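Asks: Chains A and B are the protein sequences, given in the same order. Per our numbering, the first sequence starts with residue 1016, numbered consecutively. Per our numbering, the second sequence starts with residue 168, numbered consecutively.
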Amino acid sequence: MTRFLLLLLVALQLFVSCKSEAQSDAVASPVIAPSVLLGGIPVYSKFDDFEYWLHFDNDTTYVVNFWATWCKPCVEELPWFEQLHEQFQDQKVKVVLVSLDFKKDLEKKLLPFVQSRKLKSTVLALTDSGYQNWIDKVSPAWGGAIPVTLVYNARKRAFKDDQFSDYEELERMLKDLGR
Amino acid sequence: MKRIFGFSLALAALAAVVIAATAPAVGGIKIGDKAPDFKLKGVDGKTYSLADIKDANGKTPKGYIVTFTCNTCPFAVLYEDRIIALHKKTSIMGYPVVAIQPNDPALKPGDDFAAMQQRSKEKNFPFLYLFDDGQKVFPQYGASRTPEFYVLDKDMVLRYTGALDDNAEDPAAVKVNYIEMAIKYMENNQAPDPAITKAIGCSIKVKKS
Chain A
1016 MTRFLLLLLV ALQLFVSCKS EAQSDAVASP VIAPSVLLGG IPVYSKFDDF EYWLHFDNDT
1076 TYVVNFWATW CKPCVEELPW FEQLHEQFQD QKVKVVLVSL DFKKDLEKKL LPFVQSRKLK
1136 STVLALTDSG YQNWIDKVSP AWGGAIPVTL VYNARKRAFK DDQFSDYEEL ERMLKDLGR
Chain B
168 MKRIFGFSLA LAALAAVVIA ATAPAVGGIK IGDKAPDFKL KGVDGKTYSL ADIKDANGKT
228 PKGYIVTFTC NTCPFAVLYE DRIIALHKKT SIMGYPVVAI QPNDPALKPG DDFAAMQQRS
288 KEKNFPFLYL FDDGQKVFPQ YGASRTPEFY VLDKDMVLRY TGALDDNAED PAAVKVNYIE
348 MAIKYMENNQ APDPAITKAI GCSIKVKKS
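(1) Going by C-alpha distance, which of B/ASP271, B/PHE205, B/GLU289 is nearest B/VAL265?
(2) Do you know how far the Cα of A/GLY1145 is from the Cα of A/LYS1175?
(3) With which residues is B/CYS369 paired in a DSSP beta bridge?
(4) Could you have a look at B/PHE235 and say whether DSSP puts it in helix, strand or coil?
(5) Out of A/ASN1148, A/GLN1147, A/LEU1126, which one is the CA nearest neighbour of A/VAL1138?
(6) Excluding five sequence neighbours on each side, which residues of the same chain lie with their C-beta closer than 7 Å to the C-beta of A/SER1060?
(7) Going along the chain, which unbroken runs of the beta strand (DSSP E) with 3 or more residues stay wholly within the segment 1058–1098 of chain A?
(8) I want to know whether the segment 328–348 of chain B touches the segment 283–290 of chain B - three or more CB-CB distances under 8 Å.
(9) Give the interface partners of B/ILE367 over in chain A, defined as CB-CB distance under 9 Å, in chain order.
(10) Closer than 6 Å by C-beta to A/ARG1187: which residues in its own chain qualify, once you throw out the five before and the five after it? Chain order, please.
(11) Show which residues of chain B have a CB atom less than 9 Å away from the CB atom of A/PRO1088.
(12) For B/PHE305 versus B/ILE371, is the C-beta spacing smaller than 8 Å?
(13) Name the two residues that bound the continuous beta strand (DSSP E) containing A/LYS1175.
(14) Since A/ALA1140 sits in a beta bridge, which residues does DSSP pair it with?
(15) List the residues of chain A whose Cβ lies closer than 9 Å to the Cβ of B/ARG312, in chain order.
(16) Whether or not the segment 203–218 of chain B and the segment 248–261 of chain B are in contact is what I'm after, with contact meaning three or more pairs of Cβ atoms, one per stretch, closer than 8 Å; do they touch?
(17) Would the segment 1164–1183 of chain A and the segment 1062–1077 of chain A be scored as touching if the rule is three or more Cβ pairs under 8 Å?
(18) Between the segment 240–251 of chain B and chain A, which residues of the former have a C-beta closer than 7 Å to a C-beta of the latter?
(19) Which word fits B/THR227, buried or exposed, when buried means at least 16 other C-beta atoms lie within 10 angstroms of its C-beta?
(20) How would you label B/ALA335, buried or exposed, when you count the other beta carbons within 10 angstroms and need 16 or more for buried?
(21) In the DSSP output, what is B/GLN268 paired with across the bridge?
(22) Tell me whether A/ALA1140 is buried or exposed, calling it buried when 16 or more other Cβ atoms sit within 10 Å of its Cβ.
(23) The beta strand (DSSP E) spanning B/LYS208 covers which residue range?
(24) Any beta-carbon of chain A closer than 8 Å to the one on B/ASN344?
(25) Which bits of chain A does B/ASP299 rub up against, with CB to CB less than 7 Å?
(26) Below 8 Å on the Cβ atoms is my contact criterion, and I expect B/ALA366 with A/GLY1159 to pass it. Report the Cβ-Cβ distance as a whole number of Å.
(27) Measure from the alpha carbon of A/TYR1067 to the alpha carbon of each residue in A/PHE1117, A/GLN1104, A/VAL1153, then state which is nearest.
(28) Just checking: is the beta-carbon of B/ASN224 within a distance shorter than 8 Å of some beta-carbon in chain A?
(29) Have a look at B/PHE298, B/LYS229, B/GLU247, B/ASP320 and flag the residue whose alpha-carbon is nearest the alpha-carbon of B/ASP200.
(30) When we look at the beta-carbon of A/LEU1052 and count the other beta-carbons within 10 Å, is it buried (16 or more) or exposed?
(31) Leaving out the 5 sequence neighbours to the left and right, which residues in its chain are closer than 6 Å to B/VAL210 when beta-carbon positions are compared?
(32) Going straight from the alpha carbon of B/PHE242 to that of B/ARG249, what length do you get?
(33) Taking a cut of 9 Å between CB atoms, which residues from the segment 328–340 of chain B lie near chain A?
(34) Is A/LYS1061 close to chain B, meaning its C-beta is less than 8 Å from at least one C-beta of that chain?
(35) Determine the chain B residues that contact A/THR1118 at a beta-carbon separation under 7 Å, and present them in chain order.
(36) Please report the straight-line C-alpha distance between A/LYS1119 and A/LEU1069, rounded to a whole angstrom.
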């Protein structure tokens, strides 16, 4: 029974993904310029300027992960986001890695990290330290610990307030949203 | 057709369950709740409870600033000097800081008891630095990150929870010290406003079951 349900789930996923592929729509390009570009990484010093990344209203599903180079569990799960990006790059899925590294560490730590790991997903830096003003705008369910991940499309949102246990859990979250 | 419809319903239910499972567990104490007391070992080897803590004047405290913090989290490190300064100021007013290290040292060796003792000695912590051995206390408070603060009144009722101030990265750019502000409200017999704030921090390290 469970197996049959799973099969059906997979079938449904395929059906849904085929359908969403049909309604083609270009991924919207950033609407607000970042404060700075650091070696190709857009840096937002104000949350308000960054916020549109959480509200694209198109046929793409966005996987937005909040992390930092100093955060061990975040760094542990980064390869799974890279794998997800790789796996779904032909589909309407966009992986966005939002670094919360400190301003003073961007050049010293973030940039070398992104370059040495050859990260393929979109990397952004958000350095607005007025956390109290914006954490709830990402999700009221977020206490403030990282990593967290927001998966959303024009219709639905889901929020993971923890590290993923493995790649499969991350992929399942994306699929459960019904892309 | 009917069968397929049934399955779709089951699928929707399944999906709902999966999505619900990703929501964080809501636990711990809320504003107005009595905070649980504890018996935890401090870096001096003695065991402490809130009930037997005194303020800087040797008196029963008017309140307690319980913070879950550690040695290893960069945010906790950023706040070390500020927690020391806070305790020096508020302990005289009757509100001592009680710091609790909640991480599992098996996952964060830099947070083991010996490392806590060393850090406390290096920085000359004027406040109690206790070890949540077995990780029983932080879930009762509902703590999720380091550093995280809980301001209790004399009856150990939670009056404020969240960040110490509004700028982790740059102490010079701090505009609001939430804890000092909460104490000011409490001194005037008012409810702190804001009573809850949020800040980025390190997740508390717990062994995966």
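Heads up, the beta-carbon is just placed ideally off N, CA and C, and yes, glycines get one too. The structure displayed is predicted, hence computed values, not measured ones.
Replies: Looking at the atomic coordinates:
(1) Considering only alpha carbons, the answer is B/PHE205.
(2) One alpha carbon belongs to A/LYS1175, the other to A/GLY1145, and they sit about 22 Å apart.
(3) Paired residues: A/ILE1161, B/THR313.
(4) Strand at B/PHE235.
(5) Among A/ASN1148, A/GLN1147, A/LEU1126, the Cα nearest to that of A/VAL1138 belongs to A/LEU1126.
(6) So the qualifying residues of the chain are SER1050, THR1142, ASP1143.
(7) Correct list: 1076–1082.
(8) With a cut-off of 8 Å, the segment 283–290 of chain B and the segment 328–348 of chain B do not count as touching, because too few Cβ pairs lie within range.
(9) Result: PHE1081, ALA1083, LEU1115, SER1144, TYR1146, ILE1150, GLY1159, ALA1160, ILE1161.
(10) Listed in chain order, the non-local C-beta contacts of A/ARG1187 below 6 Å within the same chain number zero, local neighbours out to five positions each way being set aside.
(11) Under the 9 Å cutoff, chain B gives CYS369, SER370, LYS372.
(12) Yes, they are a contact pair.
(13) Note, A/LYS1175: beta strand (DSSP E), 1172–1175.
(14) Answer is A/VAL1058, A/SER1114, bridged to A/ALA1140.
(15) Listed along the chain, the chain A residues whose CB falls inside 9 Å of the CB of B/ARG312 are GLY1158, GLY1159, ALA1160, ILE1161.
(16) These segments do not touch.
(17) By the Cβ test, the segment 1164–1183 of chain A is in contact with the segment 1062–1077 of chain A, since at least three Cβ pairs between them sit closer than 8 Å.
(18) Cβ contacts with chain A come from PRO241.
(19) Exposed, by the Cβ-count rule.
(20) Residue environment analysis places B/ALA335 among the buried positions, since at least 16 neighbouring C-beta atoms fall within 10 angstroms of its C-beta.
(21) DSSP, once it has assigned bridges, lists B/PHE298 as partnering B/GLN268.
(22) By the 10 Å Cβ count, A/ALA1140 comes out buried.
(23) Element bounds for B/LYS208: 207–209.
(24) Residue-level contact check: B/ASN344 does not touch chain A, since none of the beta carbons of chain A fall below 8 Å from its beta carbon.
(25) Chain-ordered listing is empty here: chain A has no CB closer than 7 Å to the CB of B/ASP299, the nearest sitting near 16 Å.
(26) In this structure B/ALA366 is in contact with A/GLY1159, their Cβ atoms being roughly 5 Å apart against a cut-off of 8 Å.
(27) For A/TYR1067, the nearest C-alpha among the options comes from A/VAL1153.
(28) B/ASN224 does not count as touching chain A.
(29) Ranking B/PHE298, B/LYS229, B/GLU247, B/ASP320 by Cα distance to B/ASP200 puts B/ASP320 first.
(30) A/LEU1052 sits exposed, since fewer than 16 C-beta atoms from the chains shown fall within 10 Å of its C-beta.
(31) Counting only residues of its own chain and dropping the five nearest sequence neighbours on each side, B/VAL210 has a CB closer than 6 Å to the CB of MET283, GLN284, SER287, TYR296.
(32) Cα to Cα, the separation comes out at about 11 Å.
(33) When C-beta distances to chain A are compared with 9 Å, the residues of the segment 328–340 of chain B below that value are GLY329, ALA330, ASP333, ASN334, ALA335, GLU336, ASP337, ALA340, in chain order.
(34) No - not a single Cβ of chain B is within 8 Å of the one on A/LYS1061.
(35) It is worth fixing the name first, because residue 1118 of chain A is Lys in this sequence and not Thr. Around A/LYS1118, the beta-carbon contacts reaching into chain B at under 7 Å are GLU336.
(36) Distance between the alpha carbons of A/LYS1119 and A/LEU1069: 25 Å.
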